[in-house]
Structure formats: structure tokens, C-alpha cells
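S.K.:
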Ligand code: ARG
């Protein structure tokens, strides 16, 4: 409806106010308080500013214009409040809107805005050999949601992982491994063993520059193609990737492209040479740096004095590759906020080098995960929280709740349902909070059947499905809706595309997550106030159509966030 109202107001503004119709300060909003109306606009304020009059006066004039030019019966009434024009749409308009939503079905919320454009969504990206931490879970969850959301807006979206498979952690692990081997100790080749070696060596290295030197040398040898180091690297890589793949699969994520940092090895020398040739990079104390004084940023170091390349160099190569080979129009880097300086520098450097033209590169930042005591959750005194343990715990907690709440669910369905509830709860806990804030990790809250939590939404969905099963409903796409709770629900369904658009525009999955909670409230309110299955025949048919459409939109929204639904709960 909001698009229709925009059109109506723009028509009323007419040719003489085309500047205002196209002004980006012209705002249309949904009103949350029903007695004030359904929609509002500030058009009168822009008119008043232009004409040197008062918003009240302009609102009156515009209102009579709207009454003349809008389709008959579209509005129930139009009110002016403090200079704003508030619209109450009519029952007829609401019924028309329902027809549109139910015919669209699962494509409601989709758009073609991104047609012909490619977006690469980079997320996940663990550091191989090191433990996965919560940041990687957040990145994976947020990235997957954004990937789905962009796809729904008509973009050609590519999901991309950029694992850190090339950093100095390998030098450390290799150095530690060789140390043991030299001492004649047998080293078991497992991820845990390598991790132990890493932690221990890293700790000793802090007080022993000699050990640090050895690790650096092993890194350098690896980067310059040493056979033995390459073999050890491959070993660690396979072990680590196996672990990550398992987690990814559990989360229902799949990457179209999985190019680790090492993939860009062949390009790095040229990146540095070209930057030097063009006078964009300079040598400084043996290292190669790109000064960014004009941009008010610290210099970007792209090669160390021992000739080793860095995270920075790889990222330049990776961006160039994505822009040139994949012709990306947009790249979203879903990476923790702590790396913000790195990305500011990277984007500035890409511009300087001429690789970045008018494509849009965005660092989609996110905050930390905090425990209930508001302290950072990622590491505790050297002991890392294993992500697969977190996922397993979510699933087993969900299983316990399930046996209390829905003991009738059969065994084979129960396991699958617990999986879905557990993982959805983890995801929704993350996605329902603004990604920029530090999110709180509270098991009870995220597994709740009442609050802003996945089980509440899944339960609402399952309830709709159960009504439809009982009714054996035929597909009906229209109806007559008079009850207040029905109209409220339709207005909420009508708002879905706005939530999706906002999520895409601001890279904010939480606008959809919060919307789905409000939708669920509207659904439950409707269900509690109106009879569906026992209503009189024509009303029953309309209400079943509403139940069906609401279930489709709720499911669609959950799927966009990367959540699965269950039919019974
Ligand atoms: N592997 C990195 C980390 O865990 C994240 C990679 C981010 N992406 C990038 N293009 N730099 O911190």
C-alpha cells in the first residue's frame, strides 16, 4: 500500500511540485498507533518550506487535492495532525491488498531492484588451524541472511568464503611441530593436537624472540614454496576445513566460492610491483607501504621487510579478483567491527590503485557476543569455546524443551525438530539484535516460546499449519475482512516488503527479524479473538485464506533469515 500512497500523493503534488515529489526528504511512514491512522507523510512541510507558508495550511490544500485525485474509496478518511497528513485506508483497500499478497504467495517481499547486478557476500571465513570463535558464527549467520535477502531483491548473489589459510599461525604450528619431531616426540596429526602445539608455542614465543624468529622463517618458507612446509600446511588445512565444513553444513550454509587467502598467492608479487611502479606504494625501512595521509588513515603495509606478504596484500588481490573476474557491482564483507580500520584502508587503497571505480564495497560490521554477565564470551582464560559444542548444546536444550512442550511428537520427527529449533534459536538470537551492538547470549531467552525468540515464531507457524491441516483448506486468494484483528494482520502482511527492503538497504537483517515477531503477534492476536474453524462458512473461507497467506509470509521471512520451519510443534 505504501507505494500506492506515494503515487497518490505525488499525483496530487502535480507537475508544479515535481521537485518535492522527487525530494529524498519526502517521507512516507507506517503509523504504529492505530487511532492516528495507517500511514503518514511530511509532504506539507516541504511545501511550506518552498512556499514560505505553514505546514497546516499546505496540508489542508494538499488534502483536498488528494481527495480529488485519489481512486474512489481508497481512503476511509484523511486527517491532519500537527501539519502531517495521516491516512486511514478503507476496508476495500485492505481487502484489495490481501488479494495482492495472497496471489503473490511466497514471492511476496521479492523485488527486481537488483536485476542485472552482482553482489558478492563474503562471510564465514575462519582462520584455519585456529579455533573458530563466535565472530565466525555471527559472520556466518548474518552473511547467510544477507545473501538470501539480496537474492530476493533480484540480485545475482554469490556467497563467498575467504578463509585465513595463509597467516603466520602456520609458521607457528609448523615450527612447533618440527620442534617436537626433532626432539623425537611423536606428534599425533589431529586438529586438537595442532591447536595445543599452537597455544603452547605462541605462549613461549612471547618471551623468546628466538622462537618467534623461527616461526617467522617457517612462514616465509611456506610462502616461498618449501615442499615440507607445504605438506604440513595441507595436512593442517584438511583437518581444519573438515571441522568448518561440518559446522557450515549443520547451519545449512553453502558457499558458491571458497577461495582461501592462499588462492591469491600467485597474484601478490604483481600487486606490490604495480603499486610501486605507479608510485602509490613506497619502500620504508625495508617494507613496502601505501601511505594514506590524504585519507587520514595510517599507512597500509603490503610487504614486510622479510618480503613476506600480508593479510592486506591478499585482500587487495582478492578484491581485484572479485571486481574484475566476477564483475561484482557490490561486495559485502561481513566481518567483525574490530577490523574496521583494515577495511577503511583497503577500500581507500583499492581506489588509489584504480581497481575500485563506482562499485560499492561495504564492511558489514558486527559487535561481540557477550555472556549473561555482559563480558565477552569468545575466550575464557585460554580455554576456547568450541562452536560445534555451542551448536550441540543448543540442539540438546531444544530437545529437552520439546519433550516438555510437545511430548506427542514422534521420535523420528522429534530429533529433526530439535535440530531445527536449536539452530534456529541460535540464528534468531543473533539476527533479532542490531548487528552493530554487542549481542547477549542467554540460553533461556533464546529458547523461549514467548518472547522475541525462534521457538515463539516456529510455534506460531506450526499452529497456522495445524489449522490448515484440520480444515483441509482449498486455495482461496481473497476474502472479506471486517474484524479489527483481521485488518491489523493484513496491514502487517502488507508491510513485509518494506521490512525486506530496509534490511537490504541497511544490511540489517534485524528489521526482518523484528518484523516477524510483530507479525507473529498480529497472527496470535487474530487467532485468539476470532474463530476460524468454527466460523460461518463464508467467513471461515476468508479466514482460512488469511491463515494460509500469513503462514506463507511468516515462512518466507524465516527462510530469508536462514531459518527452517517445522510443521508440528
Ligand atoms: N579470516 C579473518 C578472521 O577470522 C576474516 C576474513 C575477513 N575477510 C577479509 N576479506 N579480510 O579474522
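Numbering (the numbering used here), first residue to last: 466 to 1034. Virtual Cβ for every residue (Gly too), placed ideally from N, Cα, C. Predicted model, so just to flag it, every value in this text is computed and none were measured.
When you compare the segment 557-575 with the segment 594-603, are there three or more beta-carbon pairs, one atom per stretch, that lie closer than 8 Å?
M.R.: No, the segment 557-575 is not in contact with the segment 594-603.
S.K.: Let me make sure I understand the geometry here. Which of 833, 800 and 792 has the alpha-carbon closest to that of residue 822?
M.R.: Closest by alpha carbon: 792.
S.K.: Leaving out five residues before and five after residue 924 in sequence, what residues of the same chain have Cβ atoms less than 8 Å from its Cβ?
M.R.: Within the same chain, residue 924 has close Cβ partners 914 and 1034.
S.K.: Rank 638, 1021, 622 and 668 by C-alpha distance to the C-alpha of residue 695 and give the top, closest one.
M.R.: Comparing Cα-Cα distances from residue 695 to each of 638, 1021, 622 and 668, the minimum goes to 638.
S.K.: State the DSSP-derived secondary structure class of residue 493, mapped to helix, strand or coil.
M.R.: DSSP places residue 493 in strand when its eight states are reduced to three.
S.K.: Roughly how many whole angstroms lie between the Cα atoms of residue 467 and residue 962?
M.R.: Going by the C-alpha atoms only, they are around 10 Å apart.
S.K.: Would residue 636 and residue 590 be called neighbours here (beta carbons separated by less than 8 Å)?
M.R.: Not in contact: residue 636 and residue 590 (Cβ atoms no closer than 8 Å).
S.K.: For the putative contact between residue 478 and residue 485, defined by C-beta atoms under 8 Å, what is the C-beta separation to the nearest angstrom?
M.R.: So it is a contact: roughly 6 Å between Cβ atoms.
S.K.: For residue 587, write down the residues that DSSP places opposite it in a beta bridge.
M.R.: 625 and 798, per the DSSP bridge assignment.
S.K.: Determine the direct distance from the alpha carbon of residue 633 to that of residue 681, and round the result to whole angstroms.
M.R.: Those two C-alpha atoms are separated by around 7 Å.
S.K.: In angstroms with no decimal places, state the Cα-to-Cα distance between residue 759 and residue 788.
M.R.: Straight-line Cα distance between these residues: approximately 24 Å.
S.K.: Which full runs of the beta strand (DSSP E) of 3+ residues lie inside the segment 700-765, going along the chain?
M.R.: Segments of the beta strand (DSSP E) lying fully in the segment 700-765: 747-749 and 752-755.
S.K.: Three-state secondary structure (DSSP) at residue 998?
M.R.: Coil at residue 998, not helix or strand.
S.K.: Report the option in 595, 715, 837 and 675 whose CA atom is closest to the CA atom of residue 705.
M.R.: Nearest option by C-alpha distance: 595.
S.K.: Cα separation between residue 645 and residue 577?
M.R.: Roughly 59 Å between the two C-alpha positions.
S.K.: Would you decide whether residue 892 is buried or exposed? Buried here means 16 or more other CB atoms lie within 10 Å of its CB.
M.R.: Buried.
S.K.: Whole-angstrom Cβ separation of residue 826 and residue 856, contact assumed at under 8 Å?
M.R.: Contact flag wrong, Cβ pair sits at about 31 Å.
S.K.: Start and end of the alpha helix (DSSP H) containing residue 598?
M.R.: It is not in any alpha helix (DSSP H) - residue 598 carries neither H nor E in the DSSP assignment.
S.K.: By Cβ distance below 7 Å, which residues in the same chain neighbour residue 510 in space, the five residues on each side in sequence not counted?
M.R.: So the qualifying residues of the chain are 520 and 548.
S.K.: Decide yes or no for the touch test of the segment 797-810 against the segment 759-777: beta carbon pairs closer than 8 Å, at least 3 of them.
M.R.: Enough Cβ pairs lie closer than 8 Å, so yes.
S.K.: May I have the straight-line CA-CA distance separating residue 927 from residue 1018, to the nearest angstrom?
M.R.: Taking the straight line joining both Cα atoms gives about 13 Å.
S.K.: Closer than 6 Å by C-beta to residue 608: which residues in its own chain qualify, once you throw out the five before and the five after it? Chain order, please.
M.R.: Counting only Cβ-Cβ distances below 6 Å, and skipping sequence neighbours, we find 586, 588 and 799.
S.K.: If you measure between the beta carbons of residue 574 and residue 1021, is that distance less than 8 Å?
M.R.: Yes; because the gap between Cβ atoms is below 8 Å, this pair is in contact.
S.K.: For a test of your reading of the model: does the CB of residue 591 fall under 7 Å from any non-hydrogen atom of the ligand ARG? Yes or no.
M.R.: Indeed, a heavy atom of the ligand ARG lies less than 7 Å from the Cβ.
S.K.: Buried or exposed: where does residue 1016 fall if 16 or more other Cβ atoms within 10 Å of its Cβ makes it buried?
M.R.: Counting Cβ neighbours within 10 Å, residue 1016 comes out buried, since at least 16 surround it.
S.K.: Got a sec? Which residues, its chain only, sit under 6 Å from residue 559 by beta carbon, not counting five neighbours each side?
M.R.: For residue 559, where only same-chain residues beyond five positions count, the Cβ hits under 6 Å are 952 and 955.
S.K.: Using the three-state DSSP reduction, which class does residue 878 fall into: helix, strand or coil?
M.R.: Note: residue 878 maps to helix in three-state DSSP.
S.K.: Please report the residue range of the beta strand (DSSP E) in which residue 826 lies.
M.R.: That run of the beta strand (DSSP E) goes 825-829.
S.K.: Can you look up residue 473 in the DSSP assignment and give me helix, strand or coil?
M.R.: Helix.
S.K.: When DSSP builds the beta bridges, which residues end up paired with residue 552?
M.R.: DSSP output for residue 552 lists 504 and 543 as bridge partner(s).
S.K.: Just the Cα atoms here: how many angstroms apart are residue 987 and residue 996?
M.R.: Distance between the alpha carbons of residue 987 and residue 996: 15 Å.
S.K.: What did DSSP end up calling residue 774 once you bin it into helix, strand or coil?
M.R.: Correct three-state label for residue 774: strand.
S.K.: Is residue 744 near the ligand ARG, in the sense that its beta carbon is under 7 Å from a heavy atom of that ligand?
M.R.: Not under cutoff, so the answer is no.
S.K.: Our contact map puts residue 617 next to residue 965 with C-beta atoms below 8 Å; I'd like the distance itself, whole angstroms only.
M.R.: 6 Å between Cβ atoms; contact.
S.K.: Using a Cβ-Cβ distance cut-off of 8 Å, determine whether residue 884 contacts chain D.
M.R.: Among the chains of the structure shown, chain D does not appear; only one protein chain is present.
S.K.: Using only the alpha-carbon positions, how far apart do residue 847 and residue 836 sit?
M.R.: A caution first: residue 847 carries a pLDDT of 44, below 50, which makes its placement in the model unreliable, though a value can still be read off. Between residue 847 and residue 836, the C-alpha separation is close to 16 Å.
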